[in-house]
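For reference, the structure discussed in these notes is given below.
2 protein chains.
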Amino acid sequence: MAAAERSTRDRVLDSFETLLVTAGSRAATLDAVAADANVSKGGLLYHFPSKDELVVGMLARLREQGEADATKMRSAKKGPVDYYLSTSAHTGSDFDRALVAAARIAQEHDQRASEALADLRDGWFTVLREHLGDEALARTIQLIGDGLYFDDTMGLQAKGALTH
Amino acid sequence: MAAAERSTRDRVLDSFETLLVTAGSRAATLDAVAADANVSKGGLLYHFPSKDELVVGMLARLREQGEADATKMRSAKKGPVDYYLSTSAHTGSDFDRALVAAARIAQEHDQRASEALADLRDGWFTVLREHLGDEALARTIQLIGDGLYFDDTMGLQAKGALTH
DNA sequence: TCTACTGTACCGGCCAGACGGTATACAGAA
DNA sequence: TTCTGTATACCGTCTGGCCGGTACAGTAGA
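Those sequence lines, one after another, are chains A and B.
Number 167 marks the last residue of the first sequence (the numbering used here); no jumps.
Number 167 marks the last residue of the second sequence (the numbering used here); no jumps.
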């Protein structure tokens, strides 16, 4: 208990994301989230008064993570393209999980989630275009990244990966 | 009622897919599907004794559509690559809808749906590799197609599309 | 008469959310 | 330094509604 001093609030969001990713939105019920986060239902609802607030909180955290990622991408040793493609495939990071979780929410026609994801993609695209100086090429790189990401989140796994 | 003589069974599957795609799996309830298909709940359960059977029926139809698509791809005028990429972005076809619907189901960790999707992708890959004679290139083309597809199903829309 | 339904009535479980507690910490007053 | 008040961070139960599924009686057309 000394290390890993994660707040209840963060633990709840972690569990919400994990359930969304591993079991789908149907399974991500308040009870399930509370149980996974080792909080009572009442405790969960203290931090997030409704399920909708849980979504809002998750997306807010995603945006923070996204800004941090864009910064890392800009200053990556091997350059933004390599960074982008190598992190498009599943890395198992918290950011990854948040991304997939947001995608699940977006599918239930949630406007805010779709916007958050679109904004993230815009951010990456901006960095790629700045670096490459070519809009069409930047778009193609992004499509390949999307493809890698897609294959991975779908559990399809592209065997002959482009990266490495 | 003269034209569009679609069977009740097919109409139910259509509605199930449509609801999955446009509103997510949470919204695709038996009641909602029945209402959308203009069938009573009893009528729906006459054709599909359980929700699970609805999934099975949907995947069976998807596989049929998939085989037809691979055949069309092989004999496409402008070649398989053009056909593949131009149909990766949303075409609004029944096949498209079935594909996205299956992806929604797959996300709720449904093994059968994941398998059906993986088999479809294998089929496309085989055609691409046969035509191109290059495994790595075929894989890259498929990734770009996945990217286009991903962007589209996520409602992100790649503005400077490759297939314009 | 068989198929393909309609419509209604029901049930058990699950789910979001409401609500009434409880434990702890800290602050100011006496 | 003890008493009182208040805020924070929870716990656990309850309720009303929805969802999947059952049951069954009826019916129109081939």
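Note that beta-carbon positions come from the ideal geometry of N, C-alpha and C, so glycine has one too.
None of these values were measured; they are calculated from a predicted model.
- Item | Sufficient close CB pairs (3 or more, under 8 Å) joining the stretch 125 to 144 of chain A to the stretch 117 to 127 of chain B | Contact between the stretch 125 to 144 of chain A and the stretch 117 to 127 of chain B is absent, because fewer than three Cβ pairs lie under 8 Å.
- Message: What does the alpha-carbon distance come out to for the pair T94 (chain B) and V42 (chain A)?
- Response: As a first step, residue 94 (chain B) is located in the second sequence; it is residue number 91 there, counting from the start. As a first step, residue 42 (chain A) is located in the first sequence; it is residue number 39 there, counting from the start. Approximately 46 Å, taken between the alpha carbons.
- Which ranges would you report for the alpha helix (DSSP H) in the stretch 97 to 167 of chain B if only whole runs of at least 4 residues count? Every alpha helix (DSSP H) of 4 residues or more that sits fully in the stretch 97 to 167 of chain B is shown, in chain order, as 97 to 110, 114 to 135 and 138 to 156.
- Message: To the nearest angstrom, how far is the alpha carbon of S91 (chain B) from that of D85 (chain B)?
- Response: One-based indexing of the second sequence puts residue 91 (chain B) at position 88. One-based indexing of the second sequence puts residue 85 (chain B) at position 82. S91 (chain B) and D85 (chain B) have their alpha carbons spaced roughly 10 Å apart.
- Assigned secondary structure, A66 (chain A) (DSSP; H/G/I helix, E/B strand, else coil): Within the first sequence, numbered from 1, the residue matching residue 66 (chain A) stands at position 63. One detail in the question is off: residue 66 (chain A) reads as Arg in this sequence, not Ala. In the displayed model, R66 (chain A) falls within a helix according to three-state DSSP.
- Query: So, is the C-beta of Y152 (chain B) closer than 9 Å to a C-beta in chain A?
  - Reply: For the purposes of this step, residue 152 (chain B) is taken as residue 149 along the second sequence, with counting starting at 1. At least one C-beta of chain A is nearer than 9 Å to the C-beta of Y152 (chain B).
- Check each candidate in B:S89, B:T11 and B:G46 and name the one with the smallest Cα separation from D155 (chain B). As a working mapping, residue 155 (chain B) is identified with position 152 in the second sequence. Selection B:S89, B:T11 and B:G46 evaluated against D155 (chain B) yields B:S89 as nearest (Cα-Cα).
- Going by Cα to Cα distance, which pick from B:D72, B:M61 and B:S78 is closest to S18 (chain B)? Here residue 18 (chain B) refers to the residue found at position 15 of the second sequence. Comparing C-alpha distances from S18 (chain B) to each of B:D72, B:M61 and B:S78 shows the shortest one belongs to B:M61.
- Query: Is V15 (chain B) closer than 9 Å to A37 (chain B) when the C-beta atoms are compared?
  - Reply: Locating residue 37 (chain B) in the second sequence gives position 34, where the first residue counts as 1. Locating residue 15 (chain B) in the second sequence gives position 12, where the first residue counts as 1. Yes, Cβ-Cβ distance for A37 (chain B) and V15 (chain B) is below 9 Å.
- Item | Local conformation of A7 (chain B) per DSSP, three classes | Looking up residue 7 (chain B) in the second sequence gives position 4. Note that A7 (chain B) has pLDDT 46, beneath the 50 cutoff, so the model's placement of it is unreliable and no number is given.
- Straight-line gap, D34 (chain B) to Y49 (chain B) (C-alpha atoms, nearest Å): As a first step, residue 34 (chain B) must be located in the second sequence, where it is residue number 31. As a first step, residue 49 (chain B) must be located in the second sequence, where it is residue number 46. The straight-line gap from Cα to Cα measures roughly 14 Å.
- Residue nearest to R9 (chain A) in terms of C-alpha spacing, selected from A:L102, A:E20 and A:A40: Position 6 of the first sequence, counting from 1, holds the residue named residue 9 (chain A). Looking at the Cα atoms, A:A40 is the closest of the given residues.
- Task: Pick helix, strand or coil for K75 (chain A), following the three-state DSSP scheme.
- Result: Locating residue 75 (chain A) in the first sequence gives position 72, where the first residue counts as 1. Helix, per DSSP.
- Count the other CB atoms within 10 Å of the CB of A71 (chain B); is the residue buried (16 or more) or exposed (fewer)? As a first step, residue 71 (chain B) is located in the second sequence; it is residue number 68 there, counting from the start. Counting Cβ neighbours within 10 Å, A71 (chain B) comes out exposed, since fewer than 16 surround it.
- Item | Same chain only: Cβ atoms within 7 Å of F98 (chain B), ignoring 5 sequence neighbours per side | Here residue 98 (chain B) refers to the residue found at position 95 of the second sequence. The residues are Q68 and D72.
- Query: Sorted by chain position, which residues of the same chain lie with C-beta nearer than 6 Å to L102 (chain B)'s C-beta, five sequence neighbours on each side aside?
  - Reply: As a first step, residue 102 (chain B) must be located in the second sequence, where it is residue number 99. The beta carbon of L102 (chain B) sits closer than 6 Å to no other beta carbon from its chain once the five residues preceding and following it are set aside.
- Task: Output the boundary residues of the alpha helix (DSSP H) element that contains P83 (chain A).
- Result: Numbered from 1 along the first sequence, position 80 holds the residue referred to as residue 83 (chain A). DSSP places P83 (chain A) in the uninterrupted alpha helix (DSSP H) bounded by P83 to S91.
- Task: Label L22 (chain A) either buried or exposed according to how many other C-beta atoms from any shown protein chain fall within 10 Å of its C-beta, with 16 as the threshold for buried.
- Result: The count along the first sequence starts at 1 and reaches residue 22 (chain A) at position 19. For L22 (chain A), the number of other beta carbons within 10 angstroms of its own is at least 16, and it is reported as buried.
- Task: For E111 (chain B), I'd like the list of residues in its chain whose CB is within less than 8 Å of its CB, leaving aside the five on either flank, ordered along the chain.
- Result: On the second sequence, residue 111 (chain B) is found 108 positions in, with the first residue counted as 1. Hits under 8 Å: S28.
- Task: Give every residue of the same chain whose Cβ lies closer than 7 Å to the Cβ of G82 (chain B), excluding the five residues on either side of it in the sequence, and list them in chain order.
- Result: If you number the second sequence from 1, residue 82 (chain B) lands on position 79. So the list reads H134, once near-sequence residues are dropped.
- Item | Buried versus exposed, by CB contacts within 10 Å (16 or more), E20 (chain B) | In the second sequence, the residue the question calls residue 20 (chain B) occupies position 17. By the C-beta density criterion, E20 (chain B) is buried, having at least 16 other C-beta atoms within 10 angstroms.
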